[in-house]
Structure formats: C-alpha cells, structure tokens
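Below: one structure, written as structure tokens.
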Amino acid sequence: MNRPEITIEVAPELRLFVPSDYRAGHRPLATDGSSTLGHVVESLGVPLTEAGRLLVDGRQVPVSHVPGHGEHVEVLGVARPQQVPGAPLRFLLDVHLGTLARRLRLLGVDAAYENEDIGDPALAALSAKEQRVLLSRDRGLLRRREIWAGAYVYSDRPDDQLRDVLERFAPALAPWTRCTACNGPLKEADKDAVQEQLQQGTQRSYDVFAQCTACGRVYWRGAHHARLEAIVADALRSGRA
Ligand SMILES: [Zn+2]
1487 MNRPEITIEV APELRLFVPS DYRAGHRPLA TDGSSTLGHV VESLGVPLTE
1537 AGRLLVDGRQ VPVSHVPGHG EHVEVLGVAR PQQVPGAPLR FLLDVHLGTL
1587 ARRLRLLGVD AAYENEDIGD PALAALSAKE QRVLLSRDRG LLRRREIWAG
1637 AYVYSDRPDD QLRDVLERFA PALAPWTRCT ACNGPLKEAD KDAVQEQLQQ
1687 GTQRSYDVFA QCTACGRVYW RGAHHARLEA IVADALRSGR A
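Reading the sequence shown from the start, the letters are residues 1487 to 1727 in my numbering.
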C-alpha cells in the first residue's frame, strides 16, 4: 500500500513542540491516508490549542481535512489577540500555575485554580462545565477532547507567563477587584465591620479596606503592596502598547 507523502511546515513559534527534524523548515512526512490533519499535527507534538490556521497549498482547511499525496501543509500559530467565542473570558489553571493564578486575580481576571491535583479528567471536565480556558504547561492535558478551550503556557517564569497570557487573550483588566486567595469578587469594606479581623497596628496604619465576598478575607494596603503595584502598573502599561 502506498502511503501518501506530504510536506509539512510548522510556524517558528511552534517548533519547540516538534522533533528536531521538523524544525528547520518543511520536510516530507508519510501519513496513513485516513488520519485527519488535526491528528497529524498532534502526532507531531503540536497541541491543537496552539495551532492557528492550517493551510494546504496556501488554502485554509479545517482540522478534519485528510491530507492527500503531494500536499504542502503549513501550520500557523494562533492569531493574537485570540478570540474565544461564547462565554465571558475566564480561565482555569492547573496545579503548577499558582503564582500566575494569583497575578491574574490581582489584575481582576477571573482565574480559577485548584491547589491540589484533582487529575486531568476532572480539570478538563471543569473547563467544559464552566467554559473556562484551561492554561497548562502539560501538553497531554491540552490534548483532552473535553476541554472548552486551552492554551499552552510557554514559560516557566511567572513574569513571562503573565505577559504571554495578557498578550494572547487581551482580557479586560480591573486591578484590585478580585481576591487573590480564592478568585472571589471584592467589595469595599467598612473598617468597623472588619475590625475583629485586623491587628491593632493595621487598624492604625491603613485605611483602605476591601473584603472578599466569597471567603471573607480582608485586604488593605499592606507590606507587599509596592511589589503588587509594580505588577499592576506593568500590566496596564503593556495593555496600552
Ligand atoms: Zn476570597
């Protein structure tokens, strides 16, 4: 049986996913004649969450396209900012992305995060149920069919991760409106109402209070505030650029 042979070319930003043979440019690839292009791309190592348009001899095709002999396939990266159809933009982060989750919340971005490992099937199901974009550095997790939408997190450094997610999805920012501990919305809190949760020194020194409507945690302009201010200022500055 003749196996159809195609040539495949992967966008530079996706080359980290593919075997080194495929990084230099386009090269021949034998297919089985029945697999879809989506399957071929995944088999090369590229999560479909990271693939943008797929072109065959310059024409856009769906992931369901079955490549035929002699076709030249280009796999492009995702267009930025990426549009996620349907529900308001919200995220779900896997167990390894706690710092990124807290930073997104600091900026007011809805970022659910499980701080214990609930397992890939449960995470994927949660993404589907709550229509959240699943953020992960785990390619296997991003391959799961159930997920609503997903995105690979390219860096292991929280600064770069945050910049990447903000550039990719351009979420609306509303700093200081969300609980960094639990993702609940904050409301302004009256000092008297939250008095018993505050230490004496805090009562004297700080005047700005907010309280989480979900977990009750109280926020004020405390010791770490300068560092958090810098993260917020940086994000707002990048958003305007
Ligand atoms: Zn909370």
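A virtual CB, placed ideally from N, CA and C, is assigned to each residue, including glycine.
- Given a length threshold of 3 residues, each whole run of the beta strand (DSSP E) inside the stretch 1639 to 1695 is given here in chain order: 1672 to 1674.
- When C-alpha distances from Val1570 are compared across Gln1546, Ile1633, Leu1590, Arg1625, the shortest belongs to Ile1633.
- Your pair Ala1597 and Leu1579 checks out as a contact, with CB atoms roughly 6 Å apart and the cut at 8 Å.
- For Tyr1638, the closest of Val1527, Ile1492, Pro1498, Ala1537 by C-alpha to C-alpha distance is Ala1537.
- Within the stretch 1568 to 1601, the alpha helix (DSSP H) runs of at least 4 residues that lie entirely inside it are, in chain order, 1584 to 1592.
- For Glu1560, the pairing in a beta bridge is given by DSSP as Glu1495, Leu1541.
- Burial check for Cys1698: the Cβ neighbour count within 10 Å reaches 16 or more, so the residue is buried.
- Straight-line measurement puts the Cα of Arg1649 at about 11 Å from the Cα of Val1718.
- Ranked by Cα distance from Arg1513, the options Leu1612, Ala1700, Leu1586, Glu1560 are led by Glu1560.
- In the three-state reduction of the DSSP assignment, Pro1514 falls in the strand class, which pools E and B.
- By the CB criterion at 9 Å, Ser1613 and Ala1587 fall outside the cutoff.
- When distances are taken from the beta-carbon of Ala1516 to the heavy atoms of ligand 1, even the shortest one reaches 8 Å or more.
- For Ala1679 and Val1694, the gap between their C-alpha atoms comes out near 13 Å.
- In the structure shown, Val1527 adopts helical secondary structure according to DSSP, grouped into three states.
- Counting only the Cα atoms, Val1581 lies some 6 Å from Glu1602.
- Going by DSSP, Leu1621 is part of no alpha helix (DSSP H) but of the beta strand (DSSP E) stretching over 1619 to 1622.
- Within the DSSP bridge table, the entry for Ala1635 names Val1619 as partners.
- The DSSP-derived three-state label of Val1549 is coil.
- One residue list follows from the rule of a beta carbon closer than 6 Å to any heavy atom of ligand 1, given in chain order as Cys1665, Ala1667, Cys1668, Gly1670, Cys1698, Ala1700, Cys1701, Arg1703.
- If the five residues before and after Leu1515 are omitted, its C-beta is found closer than 6 Å to the C-beta atoms of Ile1492, Ile1494, all from its own chain and listed in chain order.
- Excluding sequence positions up to five before and after Asp1676, its CB lies within less than 8 Å of the CB of Phe1695, all in the same chain and listed in chain order.
- Going by beta carbons, Val1532 and Val1552 fall outside the 9 Å limit.
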